[in-house]
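Here's the structure, in structure tokens; my notes come after.
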Amino acid sequence: MTLRVSFPSGEGGALSCSLGGQCRNPFLPTLPCRDDLLLEREGFGADPGRAAPGPYLLAGMVLRSTDILTQTPQGLYCPLGDFHIDPVRPVRRALITHGHSDHARSGHGSVLATRETLRIMGVRYGEDFAGSTQVAALGETLRLGDVAVRFTPAGHVLGSAQISIEAGGTRIVVSGDYKRAADPTCLPYEVVPCDVFITEATFGLPVFRHPDTRAEVRKLLASVALFPERAHIVGAYALGKAQRLMALLREEGFDRPIHLHGAMEKLTAYYKSEGIPLGDTPKVVAAERAKLAGAIVICPPSAIQDVWSRRFPDPVACFASGWMRVRARARQKGVELPLVVSDHSDWDDLCRTILETGAGEVWVTHGQEDALVHWCRTRGIAARPLHMLGYGDEGEDTASPSSTEDQAGSGS
Ligand SMILES: [Zn+2]
Ligand SMILES: [Zn+2]
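Okay, here's the thing in structure tokens:
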């Protein structure tokens with residue numbers, strides 16, 4: 463086996479092969495060794511940390527997207543860089559898109575994520591949530607093994623990022639969860655042009671069109687004005703949705719205290735420590751619940767139906783979720799005032815984003831996959847559903863009301 467490997471910047475030493483010292487096939491374990499393979503890598507400047515790897519020039523061989531990213535029981539895996547993205551089980555090296563519990567789990571050997579995501583994981587799981595951690599600075603290119611990796615804002619919750627992986631001139635973007643609607647608590651989504659775009663499809667049906675979020679928040683304020691003797695108990699996911707709601711209420715001029723269920727406290731304190739102005743947010747004290755006529759109280763979705771909320775004066779059950787578009791869901795949950803506020807893209811934004819990335823290939827990870835796959839194909843974009851398990855099960859239909867997934871889960 464003789465394989466000529468040429469590295470202008472002299473980094474050939476990084477490559478190895480289990481077949482012996484002679485073989486320099488860097489695409490193990492996904493590609494077979496071939497003795498007619500001429501491999502050259504160009505484009506490394508004096509500062510490999512800054513320069514993206516140039517294309518691999520493969521004589522007679524094309525690097526397929528599935529050689530760069532493959533599906534494993536743990537989640538998406540990049541063999542060239544030896545890491546998983548948002549793995550659902552403990553792995554040696556994990557790259558995490560954002561802090562929601564279905565994407566960010568504890569117990570990995572090492573975690574690479576944005577500073578905010580690492581802090582959120584620390585708040586939720588304790589500081590020893592991983593063997594080691596590394597901060598990914600937004601917009602900076604990192605080299606991991608034979609791929610270049612870059613984190614870019616996803617607009618989903620504080621610290622959320624898309625992860626792009628580049629090798630052999632092919633760029634794959636794993637978007638995690640994302641939205642295009644404005645959110646005062648996190649950086650806006652940035653379109654990253656790519657060859658393969660991996661998208662969620664939580665609201666991947668044409669029936670899902672989210673209304674203007676501010677109008678929904680005004681509905682809540684109108685109800686508070688109309689019923690000054692009643693307490694408004696608003697169910698919202700503890701990470702992201704709750705803080706976005708508080709920020710929006712402040713932007714609409716609501717300056718009274720916003721009362722919090724204990725489950726919202728730590729993450730809200732963390733958001734405030736990042737300089738996000740949420741105003742006065744006292745924790746609800748059991749003995750004082752009866753005095754909160756006219757107040758807005760934010761709690762986990764499960765708490766709006768529980769005994770906890772019945773102690774408030776004539777409570778109005780509200781729920782802030784993209785699912786509130788579905789009236790039956792609101793009724794089933796006993797929600798009197800549904801607020802359609804989502805941290806995910808609606809159908810139009812999913813389609814628009816796919817087109818804006820210019821991707822020729824789309825993989826759909828979780829949610830309503832089939833309609834989006836079909837839509838892509840009708841537009842001449844190759845698409846496939848990944849049917850990945852373990853994502854998006856944050857308690858709309860599946861989790862029990864008291865589970866932590868529901869309380870701190872991934873916020874639809
Ligand atoms: Zn998700
Ligand atoms: Zn999420």
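Heads up: the sequence shown begins at 463 in our numbering, then just goes up one per residue.
Glycine is no exception: its CB is placed at the ideal position from the N, C-alpha and C atoms.
Under a Cβ-count criterion, where at least 16 other Cβ atoms within 10 Å of its own Cβ denotes burial, should serine 594 be classed as buried or exposed?
Locating residue 594 in the sequence shown gives position 132, counting from the first residue. Exposed, by the Cβ-count rule.
Return the first residue and the last residue of the beta strand (DSSP E) that histidine 694 is part of.
By 1-based counting over the sequence shown, the position of residue 694 is 232. First-last of the beta strand (DSSP E) with histidine 694: 694 to 697.
Residues of its chain near arginine 814, where Cβ-Cβ distance is below 8 Å and the 5 sequence neighbours each way are ignored:
Residue mapping note: residue 814 aligns to position 352 of the sequence shown, counting from 1. Closer than 8 Å at Cβ, skipping near neighbours: Arg642.
Use the C-beta contact count for glycine 854: other C-beta atoms within 10 angstroms, 16 or more gives buried, fewer gives exposed.
Counted from its first residue, the sequence shown places residue 854 at position 392. Around the beta carbon of glycine 854, a 10 Å sphere encloses 16 or more other beta carbons of the protein chains shown; the residue is thus reported as buried.
Do the segment 778 to 790 and the segment 690 to 700 make contact, defined as three or more Cβ pairs closer than 8 Å?
yes
Give the DSSP bridge partners of phenylalanine 613, in chain order.
Here residue 613 is taken as the residue at index 151 of the sequence shown, counted from 1. Partner(s): Ile625.
Nearest neighbour of tryptophan 770, chosen from Arg787, Ala749, Arg676 [CA to CA]:
What you label residue 770 is simply residue 308 of the sequence shown in a count that begins at 1. Tryptophan 770 has its Cα closest to that of Ala749, out of Arg787, Ala749, Arg676.
Starting from the N-terminal side, write out each stretch of the alpha helix (DSSP H) that is 4 residues or longer and does not extend beyond the segment 697 to 752.
703 to 713, 727 to 735
Going by C-alpha to C-alpha distance, which of Thr614, Ile582, Pro668 sits closest to histidine 836?
Position 374 of the sequence shown, counting from 1, holds the residue named residue 836. The shortest Cα separation from histidine 836 among Thr614, Ile582, Pro668 belongs to Pro668.
What residues in its chain sit with their C-beta under 8 Å from that of leucine 851, if we drop five residues either side in the sequence?
Translated into positions along the sequence shown, residue 851 becomes position 389. Val550, listed in sequence order.
Considering only their Cβ atoms, is the gap separating valine 611 from isoleucine 634 smaller than 8 Å?
Reading the sequence shown from its first residue, position 172 is the one you call residue 634. Reading the sequence shown from its first residue, position 149 is the one you call residue 611. For isoleucine 634 and valine 611, no; Cβs fall outside 8 Å.
Does the Cβ of glycine 630 have 16 or more other Cβ atoms within 10 Å, making it buried, or fewer, making it exposed?
The residue labelled residue 630 in the question sits at position 168 within the sequence shown. When all chains shown are included, glycine 630 counts as buried.
On the premise that leucine 834 lies in contact with leucine 817, defined as a C-beta separation below 8 Å, what is that separation, rounded to the nearest angstrom?
For the purposes of this step, residue 817 is taken as the residue at position 355 of the sequence shown. For the purposes of this step, residue 834 is taken as the residue at position 372 of the sequence shown. Incorrect: roughly 12 Å between the Cβ atoms, too far for contact.
What does a CB cutoff of less than 7 Å around lysine 753 pick up in its chain, not counting 5 residues either side in sequence?
By 1-based counting over the sequence shown, the position of residue 753 is 291. So no residue of the chain qualifies.
Is aspartate 645 near ligand 2, judged by its Cβ being under 7 Å from some heavy atom?
For this step, residue 645 is matched to residue 183 along the sequence shown. Aspartate 645 Cβ: outside cutoff for every heavy atom of ligand 2.
Since I believe cysteine 648 is in contact with methionine 683 (beta carbons under 8 Å), could you give me their beta-carbon distance rounded to a whole number of angstroms?
Taking the first residue of the sequence shown as position 1, residue 683 is located at position 221. Taking the first residue of the sequence shown as position 1, residue 648 is located at position 186. A quick correction: the sequence has leucine, not methionine, at residue 683. The beta carbons of leucine 683 and cysteine 648 sit about 23 Å from each other, so the pair does not count as a contact at 8 Å.
Spatial distance of aspartate 564 from glycine 842 (CA atoms):
Here the question's residue 564 lines up with position 102 in the sequence shown. Here the question's residue 842 lines up with position 380 in the sequence shown. Our two residues, aspartate 564 and glycine 842, have alpha carbons roughly 32 Å apart in a direct line.
For proline 775 and glutamine 767, what's the separation of their Cα atoms in angstroms?
On the sequence shown, residue 775 is found 313 positions in, with the first residue counted as 1. On the sequence shown, residue 767 is found 305 positions in, with the first residue counted as 1. Using only the alpha carbons, I get a separation of about 15 Å.
How many Å lie between methionine 463 and phenylalanine 545 at the Cα?
As a position in the sequence shown, residue 463 is number 1, starting the count at 1. As a position in the sequence shown, residue 545 is number 83, starting the count at 1. Summary for methionine 463: the model assigns pLDDT 26, below 50, so the residue's position carries little reliability; its value from the coordinates is reported in the next sentence. Distance between the alpha carbons of methionine 463 and phenylalanine 545: 28 Å.
With H, G and I counted as helix, E and B as strand and the rest as coil, what does DSSP make of alanine 821?
In the sequence shown, residue 821 corresponds to position 359, counting from 1. Reduced to three states, the DSSP call for alanine 821 is coil.
So, under 8 Å CB-CB, serine 626 and threonine 614 are touching, yes? Tell me the CB distance rounded to an integer number of Å.
What you label residue 626 is simply residue 164 of the sequence shown in a count that begins at 1. What you label residue 614 is simply residue 152 of the sequence shown in a count that begins at 1. Serine 626 to threonine 614, Cβ: 7 Å. Contact.
The alpha helix (DSSP H) enclosing threonine 664, as first and last residue numbers
The residue given as residue 664 occupies position 202 in the sequence shown. Where threonine 664 is concerned, there is no enclosing alpha helix (DSSP H), given that its DSSP letter is neither H nor E.
Close-in-space but distant-in-sequence residues of the same chain around leucine 600 (CB under 7 Å, 5 per side omitted)
Here residue 600 is taken as the residue at index 138 of the sequence shown, counted from 1. The answer, listed in chain order, is Thr576, Phe613, Thr614, Pro615, Ala623.
Euclidean distance between Cα positions of methionine 726 and aspartate 717:
By one-based count along the sequence shown, residue 726 stands at place 264. By one-based count along the sequence shown, residue 717 stands at place 255. Distance between the alpha carbons of methionine 726 and aspartate 717 is about 19 Å.
Under 7 Å Cβ to Cβ from arginine 680, same chain only, skipping five residues before and after it: list those, please.
In the sequence shown, the residue the question calls residue 680 occupies position 218. The residues are Glu714.
If the criterion is Cβ atoms closer than 8 Å, does the pair phenylalanine 689 and tryptophan 809 meet it?
Along the sequence shown, one-based indexing puts residue 689 at 227. Along the sequence shown, one-based indexing puts residue 809 at 347. It is not a contact, given that the beta carbons lie outside the stated cut-off.
Going by the CB atoms, is the gap between glutamate 578 and histidine 806 shorter than 8 Å?
Within the sequence shown, residue 806 is the residue found at index 344, counting from 1. Within the sequence shown, residue 578 is the residue found at index 116, counting from 1. It is not a contact, given that the beta carbons lie outside the stated cut-off.
Using C-beta distances below 7 Å, list every residue in its chain close to glycine 569, excluding the 5 sequence neighbours before and after it, in chain order.
Looking up residue 569 in the sequence shown gives position 107. Excluding positions up to five away in sequence, the list reads Pro552.
Since I believe threonine 675 is in contact with valine 803 (beta carbons under 8 Å), could you give me their beta-carbon distance rounded to a whole number of angstroms?
Position 341 of the sequence shown, counted from the first residue, corresponds to residue 803. Position 213 of the sequence shown, counted from the first residue, corresponds to residue 675. Rounded, the Cβ-Cβ distance is 5 Å, consistent with contact.
So isoleucine 720 and glycine 737 are supposed to be a Cβ contact under 8 Å. How far apart are they, rounded?
Within the sequence shown, residue 720 is the residue found at index 258, counting from 1. Within the sequence shown, residue 737 is the residue found at index 275, counting from 1. So it is not a contact: roughly 18 Å between Cβ atoms.
Cα separation between leucine 493 and isoleucine 530?
Taking the sequence shown and counting its residues from 1, one reaches residue 493 at position 31. Taking the sequence shown and counting its residues from 1, one reaches residue 530 at position 68. Note that leucine 493 scores a pLDDT of 42, beneath 50, so its modelled location is shaky and nothing firm can be said.
For the beta strand (DSSP E) containing tyrosine 587, list its first residue and its last residue.
On the sequence shown, residue 587 is found 125 positions in, with the first residue counted as 1. Note, tyrosine 587: premise wrong, no beta strand (DSSP E); alpha helix (DSSP H) at 577 to 587.
Looking at the structure shown, is isoleucine 766 part of a helix, part of a strand, or coil, going by DSSP?
In the sequence shown, the residue the question calls residue 766 occupies position 304. DSSP places isoleucine 766 in the helix class (H, G or I) of the three-state scheme.
Look up glutamine 596 in the DSSP assignment and say whether it is helix, strand or coil.
Counting from one through the sequence shown, the residue named residue 596 turns up at place 134. Three-state DSSP puts glutamine 596 in a strand.
If distances are taken between C-alpha atoms only, which option among Ser527, Pro673, Pro646, Val826 comes closest to glycine 617?
Along the sequence shown, read from residue 1 onward, the residue named residue 617 stands at position 155. Comparing Cα-Cα distances from glycine 617 to each of Ser527, Pro673, Pro646, Val826, the minimum goes to Pro646.
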